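Heads up, the sequence shown is in the working numbering, so the first residue is 236 and it goes up one at a time.
Reviewing the structure listed below.
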Amino acid sequence: MPRETEIGAAAVKAARSFGVKHLVWSTLPDCESLTGGRLKVVHFTGKARVDPAVEAAGFPRYAFVQAPMYFQNFLTMNTPQPLPGGGRGWAVPMDPAARVMHAGDVTEVGRAVAAAFAAGDKVPNGTYLAVCGGVYSWNDFVATLNAQGHALQVMRVPPEAYDSFFPGARELREMYQYYEQHTYFGPEREKRIAAARALVPGGFTGFADWAKVHMKPS
């Protein structure tokens with residue numbers, strides 16, 4: 236059992252034993268099951284495998300929230316880097332044109348959670364709420380940023396090259412391959428995105444609006 240799954244299941248058990256009556260649990264798709272074990276994305280699957288513990292715990296009310304790929308990653312782990320042929324941007328192990336990445340402002344996840352608590356039994360037990368500012372490709376991200384005054388590029392690299400970039404790169408490469416095959420939120424994405432948007436009528440911030448504020452050209 237992955238450590239995250241073990242800790243999550245223990246947290247669920249503790250919450251129930253302390254009398255929690257309404258739980259909104261953060262989770263992500265089970266990439267390993269969706270790909271028949273071919274792709275192992277532990278930071279997704281480790282969360283997903285806590286879901287059965289939530290369902291079996293006996294909470295009077297419970298729902299799940301799924302956070303998107305964070306826009307904030309562009310300020311931390313996904314900042315533009317020098318590229319082999321010159322220029323700056325991203326070298327990625329997937330088709331840059333594949334519009335499969337559900338992304339958003341992570342600070343807005345709490346809006347869906349608060350709305351789920353406020354809605355009470357209007358949100359059926361077991362509902363999944365996928366917080367999504369939009370679905371993007373790498374080309375979309377680059378085009379948006381360049382329209383705002385940046386000069387960035389994206390290039391595709393072979394999987395084995397990406398795996399050598401940094402420790403832990405293989406898991407991220409398999410994550411991107413999972414995106415290409417199933418999208419970030421997986422096969423039930425439309426229903427889950429719609430459920431979150433129904434609770435938050437104003438919706439969630441898209442990348443262009445977020446980038447104008449947080450990624451000003453230097």
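Ideal Cβ placement from N, Cα and C applies to all residues, glycine included.
The structure presented is a predicted model; accordingly, all values stated were derived computationally and were not measured.
For residue 261, three-class secondary structure by DSSP: strand
Rounded straight-line distance, which links the Cα of residue 297 to that of residue 360: 5 Å
Can you tell me where the beta strand (DSSP E) with residue 324 in it begins and where it stops? 323 to 327 is the span of the beta strand (DSSP E), which, as asked, contains residue 324.
Please report the Cβ distance between residue 455 and residue 412, rounded to the nearest whole angstrom; I am assuming they are in contact, meaning their Cβ atoms lie under 8 Å. Nothing about residue 455 can be read from this structure; the chain reaches only from 236 to 453.
Beta-carbon proximity check, residue 323 vs residue 387, cutoff 8 Å: Contact: yes.
If I follow the unbroken alpha helix (DSSP H) through residue 269, where does it start and stop? 266 to 269
Checking 8 Å against the spacing of the C-beta atoms, do residue 417 and residue 352 come in under that value? Not in contact: residue 417 and residue 352 (Cβ atoms no closer than 8 Å).
Buried or exposed by the 16-neighbour rule on C-beta atoms within 10 Å, applied to residue 311: exposed
Please report how far the alpha carbon of residue 372 lies from the alpha carbon of residue 415, in whole angstroms. Roughly 10 Å separates the two Cα atoms.
How would you call residue 424, buried or exposed, if buried means at least 16 neighbouring beta carbons within 10 angstroms? buried
Measure the alpha-carbon distance for residue 354 versus residue 290 and round it to whole angstroms. 19 Å
According to the neighbour-count rule (16 or more other Cβ atoms, all chains shown, within 10 Å of its Cβ), is residue 446 buried or exposed? buried
Going by DSSP, what residues sit across from residue 317 in a beta bridge? Looking at the DSSP assignment, residue 317 forms a beta bridge with 323.
Neighbour-count burial assignment, residue 401, 16 or more Cβ in a 10 Å radius: exposed
For a test of the three-state rule: what should DSSP assign to residue 494, helix, strand or coil? Residue 494 lies beyond the residue range present for the chain, which begins at 236 and ends at 453; the question has no answer from this structure.
Continuous alpha helix (DSSP H) assignments of at least 4 residues falling wholly in the region 351 to 438: Runs of the alpha helix (DSSP H) inside the region 351 to 438: 373 to 382, 394 to 398, 404 to 417, 424 to 434.
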